[in-house]
Amino acid sequence: MLEDSYHLLFPLAASVLFACGLLFLKRATLEGANPWTVSLVANLWAATLFSGFWFLESEPVNVWLLWQPALVAVFYISGQMGTFFAITHGDVSIAAPLFGIKVLLVAILATLIGGQSLPAAIWLAATLATVGIALVQWTGSGTHSRIGYTILSAMAASTSFSIFDVLVQRFCASPIAAWSTGRFLPIMFWFVAGFSTVFLVGFQREKFALPAVRRSLLIGGLLIGLQALCIVFTLSAFGDAPRVNVVYSMRGIWGVLLAWGAALIWGGSEADLSRKKMVFRLGGALLITISVVIAILFG
10 MLEDSYHLLF PLAASVLFAC GLLFLKRATL EGANPWTVSL VANLWAATLF
60 SGFWFLESEP VNVWLLWQPA LVAVFYISGQ MGTFFAITHG DVSIAAPLFG
110 IKVLLVAILA TLIGGQSLPA AIWLAATLAT VGIALVQWTG SGTHSRIGYT
160 ILSAMAASTS FSIFDVLVQR FCASPIAAWS TGRFLPIMFW FVAGFSTVFL
210 VGFQREKFAL PAVRRSLLIG GLLIGLQALC IVFTLSAFGD APRVNVVYSM
260 RGIWGVLLAW GAALIWGGSE ADLSRKKMVF RLGGALLITI SVVIAILFG
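So, in structure tokens, the structure goes:
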């Protein structure tokens, strides 16, 4: 099975890029950058990076099928907004573990929408990864306010991103696909950039003018754009959405490790974890690692 798994190096790289990008964007939000500003910068970076795929092919575009990349772009932005609303206006200690349900949702939707028949090993790996992410991200702190709002936002985000992954695979990598990678991806992210112009209403020009905030936003947005490049290219060229998401779940481990390292250097609560939290996170990391091994060797 290893010879059929080399493309999983892309979601592995994406998991590292995502964790690093999130650190920079978190620094920007701590300086006062709002979700609209962060989203606009990240989406413009993504549109710029994906534009390069356009020059890889010369086939004409079927204008009657433009609704497909436009639809996928809507799910991308709705997932992004659900994530930001759950984190900024909800209870992070509840939202973070719920995001892990995406791994299992992709497996379910790949069966229902994508028509895939998944082996038992993938279902096991997806379940282990979901539980592992919940354990790694669980904080156990806070007063758990706005529980209903948080659950609704986090589940909406996970569902939107899951549909996004499965539709990219269906429109580009399935036997009935009418699109090539070199046409679908740039057009889809041009739609993302176009839809994102509504974020200009909340864009903080005064914050972006500050060198420290601008640097964090640009670097973080670039890294998030690069991780999207790795993930979406893999889905469009190889499909395999369930296994891609299992491997991508490693971002939870990298995120915790990077946050812990940053706290040791610059200070922060992550440097003083209780024994209970450390046990939960180590257990979650072990489950995620096992799920990735199962997906690669037996998926």
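First residue of the sequence shown: 10, per our numbering; consecutive thereafter. Heads up, the beta-carbon is just placed ideally off N, CA and C, and yes, glycines get one too. If you're wondering where the values come from, they're calculated on a predicted model, not measured in any experiment.
message: Measuring CB atoms only, is the region 107-126 touching the region 246-262, in the sense that at least three cross pairs come out at less than 8 angstroms?
response: yes
query: Using the C-alpha atoms, what's the distance from glycine 229 back to leucine 219?
result: 15 angstroms
query: Are there three or more Cβ pairs, one per stretch, closer than 8 angstroms when the region 134-147 is compared with the region 50-64?
result: no
message: Please classify serine 126 as buried or exposed, where buried requires at least 16 neighbouring CB atoms within 10 angstroms.
response: exposed
query: Considering tryptophan 63, what are the terminal residues of the alpha helix (DSSP H) in which it resides?
result: Here tryptophan 63 belongs to no alpha helix (DSSP H), and DSSP marks it neither H nor E.
Segment contact flag, the region 206-213 with the region 24-32, C-beta cutoff 8 angstroms, min 3 pairs: no
query: Using the C-alpha atoms, what's the distance from tyrosine 15 back to asparagine 71?
result: 32 angstroms
- prompt: In angstroms, rounded to a whole number, what distance separates the CA positions of leucine 133 and leucine 244?
  reply: 21 angstroms
field: Beta-carbon proximity of alanine 82 to phenylalanine 212, cut-off 8 angstroms
entry: no
field: Own chain residues within Cβ distance below 6 angstroms of leucine 231, not counting five before or after
entry: Trp54
query: Between the beta-carbon of cysteine 239 and the beta-carbon of alanine 56, is there less than 8 angstroms?
result: no
- request: Note down the Cα distance separating glutamine 77 from lysine 286, rounded to an integer number of angstroms.
  value: 43 angstroms
message: By alpha-carbon positions, which one of Val302, Arg260 and Ile303 ends up nearest to arginine 290?
response: Arg260
message: Our contact map puts alanine 138 next to serine 258 with C-beta atoms below 8 angstroms; I'd like the distance itself, whole angstroms only.
response: 4 angstroms
message: Quick check on the DSSP output: the alpha helix (DSSP H) that includes methionine 197 runs from which residue to which?
response: 190-205
message: Taking the beta carbon of arginine 179 as the centre, do at least 16 other beta carbons fall within 10 Å, making it buried, or is it exposed?
response: buried
- request: Could you have a look at valine 70 and say whether DSSP puts it in helix, strand or coil?
  value: coil
message: Suppose you measure from the CA of asparagine 43 to the CA of leucine 227; what does that come to, to the nearest Å?
response: 14 angstroms
message: Any heavy atom of the ligand FMN inside 7 angstroms of the beta-carbon of isoleucine 299?
response: Here there are no bound small molecules, and the ligand FMN is not part of this structure.
- prompt: Alpha carbon to alpha carbon, what distance is there between proline 69 and leucine 267?
  reply: 44 angstroms
message: For aspartate 174 and alanine 163, what's the separation of their Cα atoms in angstroms?
response: 17 angstroms
query: Between threonine 159 and lysine 216, what straight-line distance do the alpha-carbon atoms span, to the nearest angstrom?
result: 27 angstroms
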